[in-house]
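All remarks here apply to the structure that follows.
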Amino acid sequence: MKLKIDDKEILVKNISYKDKLGLQGEFADVYKNGTQKVKQKEFNILLGNVAEIAFANPEEDLKKYDYDFQLKILSQCLMDYLGLSNTLKKENGD
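In case it helps, the numbering used here puts the sequence shown at residues -18 to 75.
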């Protein structure tokens, strides 16, 4: 799967159905009290799990990007994996 972030294309692995269901549960747990009460540690663990799904070697694959860009990559990937991305919705005609 290709992500386009700030005019860069990033290749990530497709997500399995099992992993998608797992991420849906984690996402629900992280955001259960609303977006204003998200705990940074829980959010970072969620993004870490996205990285493990998206890349064969996340630490190596992401180290060429600064931390803020890594967060953009993983956040966009999460949204795409969960079908919540505006870009993905446009591509699918939703």
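Even for Gly, the Cβ is constructed at its ideal location relative to N, Cα and C. All figures in this text were calculated on a predicted structure; none of them were measured in a lab.
Under the DSSP assignment, Ile(-14) falls in the beta strand (DSSP E) whose first and last residues are -17 to -14. The segment 47 to 58 and the segment 29 to 37 touch, with no fewer than 3 CB-CB distances between them shorter than 8 Å. Phe8 and Leu27 have their C-alpha atoms some 7 Å from each other.
By DSSP's assignment, Glu(-10) forms a beta bridge with Lys(-15). Taking every protein chain shown into account, the CB of Tyr(-2) has fewer than 16 other CB atoms within 10 angstroms, so this residue is exposed.
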